[in-house]
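Have a look at the structure below, then the notes.
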Amino acid sequence: MSSVKILEESSSANPLVLRLQQILTSCSRSIETGDLHKSGSSVSELVNYLDSISDAALSDTSNEESRNNALEVLSEIHLYICQPLLDQAVVDALSFELPKAVAKFACVSGKCLEIVESIVNQFVATCSPRDLIPIFCEALDVPSGMSKAPSYYAPFLSGLSKVFLSIPRRHFEQVKEAVPVILSVLKAMTSKLDDEDTNSEDLFARAISIANSIQTVCGKLAGRLNEKLRALLGLFVLQIMSLLCMREKVSSCLTLVLQLSHFLPYCGLSYLGLLIGCDVDTIIDIVLKECTEDGDDYLSCFPYVKHGASLAVICGHMSNTVAQSAEEDLTVLKDALQSNQTKRWQAVGMLKHIFSSANLPWELKKHTINFLLWIMDGNLSEKCNDEVSDCSSYVPGLFASLQAIEMVIMYTSDSVLRRNAFNSFKKVLADIPTSPRFDILKALIANSNSSSMTAILVDCVREEMRMENCQRISVGHDEFLQAEKSCQRSLFWSADVLELVELILRPPKGGPPALPEDSDAVLSALNLYRFVLITESTGKTNCTGVLSKNNLHKAYNEWLLPLRTLVTGIEAENKNDYDQLVVDMVCALNPVELVLYRCIELVEEKLKQ
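Under numbering that gives the first Met the number 0, the first residue of the sequence shown carries the number 0, and numbering increases by one thereafter.
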């Protein structure tokens, strides 16, 4: 039976439906007769007509008549496209434009969404999978700044999960083209929707359905074909995991994380391999080999896979049910990390992705800090034995991770999280051999933009020196010789520490430091200098060179006197100003002034000697 005959047998009193029937009749006739020009015009007319109906319903959601009209028009489309005797040529021609047009109706009401999904499913059942994948991807690929409501995307995500199951060959290539578009939709929705929006959860649930379909397809393949599609599935799952966690309420996403976690063992991803990064690198390499021309561009579609790798483990630490879904034992994971120092460093390096992300909620960062403290608690193995050559490859990652933990310390409003973050910072620092530890601290100070954070770091240096000095004294008092040998082995008790002081008291840009802005850092640097000067004098050593005549003159003339001039100038300038802010500023300089004058006195005494 012809498509025209089908339309003639349907009837409706609604003039909008009657007009739709006329347009469909024109489309059917032109397609069946093979008139390409007229058929193209008729399909465009159909799309424009449907757009006008959906736009009217969406522009005023309180207009019941417009909503009812939309439902009737959509129902007529559904009746038409689902006719068993509809010419396949008509179905194929409409499949290029009709899905995108009817998808807009999904945003009108839940009933409309159901009908749209039925229409999309009908196309899936009657059209070629090879044709539908690019059609659905084009519908999902909405230009930046023009993203639709979640209901618009939902039918296409479900459609793709069904289409993937029907792909007869070239499975990896077909899935590879669709995955970036799917992830782009999820990313756009993540940034727009709030935690209470159940539609966002529905989109992620549909994305998980797509992952299930990919896994089913993998089961039909063997050898290299299976391996590369499983690798792509692994990247897909980790990216979804990270996007899912970018919500303020972490507890609301654990149910979906539970479902995602069961894919991990299937993709060959263990908690240990994810946390130290090797499993992620493996699946990235496998996919890259299949993207010889656009590998780097393709991987840009997965910007958060390393976040997802860490988050998968953190969520397992938060919920034992999630860990069980991933077939993991956290006790075994902890033992593996505590017994291997390099693996701990690799894990710390991966966790920086969570700490430094502005998109992840503070609650997740809090759980991640707790996890870090958990793996650092207890007896930790040490295998580097202060040999820099064995540890140098991990230094950049450790440095970046400590910088990321600094961000948590500085920007969290939660005092408990701040305290725990600082404790984890110190534990990570203590797990690094002495030589790279000093270099890392020095680099952190040089790259710090926060006076308070700089002060904390300088205090860490001073504490390292204090502990080292106590250890040196406790060895015995035969002492001068022992002290000199210790000086030769120590990086903290060396001339490098004076360079740190100079970095703050005489910044590289020239002139004295900015006060009162940098008063915390300046006070800490002065305290460090005073500590070194007194300790070297008392111990009758000169490991740092602080007691040499040249260094005493340099400190006096280039650091301390210019700083005294600056402090006294600020006090004189604001002497008669009683504004509260000014008073607070001058008061903040009092501790700096006290320690500064004590340092000047000590240096003057040494110069006299």
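Virtual Cβ for every residue (Gly too), placed ideally from N, Cα, C.
These figures come from a predicted structure and were not determined experimentally.
- A direct Cα-Cα distance of roughly 30 Å separates Val457 from Ser309.
- Annotation for Ser127: no alpha helix (DSSP H) segment contains it, and DSSP assigns it neither H nor E.
- Under the three-pair Cβ rule at 8 Å, the segment 250–258 does not count as touching the segment 216–225.
- Residues of the same chain with a CB within less than 6 Å of the CB of Ile599, apart from the 5 flanking positions on each side, are Leu559 in chain order.
- The beta carbon of Ser489 lies closer than 8 Å to those of Thr433, Glu467, Cys542 in the same chain, with the five residues before and after it left out.
- Put simply, the segment 229–241 touches the segment 287–304. At least three CB pairs are less than 8 Å apart.
- Take Ala311, set aside five residues on each side of it, and the residues of its chain with a beta-carbon closer than 8 Å to its own are Leu237, Met240, Val256, Leu259, Ser260, Leu263, Leu268, Tyr270, Leu273, Ala325, in chain order.
- Around the beta carbon of Thr330, fewer than 16 other beta carbons lie within 10 angstroms, which makes this residue exposed.
- Within the segment 218–270, the complete alpha helix (DSSP H) runs of at least 4 residues fall at 222–243, 253–260, 262–265.
- Thr367 carries a helical assignment under DSSP once its states are collapsed to helix, strand and coil.
- Nearest Cα to Ser127 within the set Phe104, Ala148, Pro167: Pro167.
- Annotation for Pro395: the continuous alpha helix (DSSP H) segment containing it runs 394–410.
- Between Gly39 and the set Ser25, Ile52, Leu49, the nearest pair of CA atoms involves Ser25.
- Excluding its 5 nearest sequence neighbours in each direction, Phe530 has C-beta neighbours in its own chain below 8 Å: Arg461, Met464, Arg465, listed in chain order.
- Thr125 and Asp91 have their C-alpha atoms spaced approximately 8 Å apart.
- With contact defined as three or more Cβ pairs closer than 8 Å, the segment 389–400 and the segment 343–363 are in contact.
- When the Cα atoms are used, Lys365 and Leu416 turn out to be separated by approximately 6 Å.
- For Gly39, the three-state secondary structure derived from DSSP is helix.
- Look at Asp54 here: in three-state DSSP terms it is helix.
- Scanning the segment 278–340 from its first residue to its last, the whole alpha helix (DSSP H) runs of 4-plus residues come out as 294–298, 304–317, 319–324, 329–337.
- Proximity to Trp492 across Pro515, Val545, Ile455 peaks at Val545, based on C-alpha coordinates.
- In summary, Gln173 is buried, with 16 or more beta-carbon neighbours lying within 10 Å of its beta-carbon over all protein chains present.
- Counting along the chain, no alpha helix (DSSP H) covers Lys539, and no H or E run does either.
- Around the Cβ of Lys607, a 10 Å sphere holds fewer than 16 other Cβ atoms; the residue is exposed.
- Annotated three-state conformation of Phe95 is coil, per DSSP.
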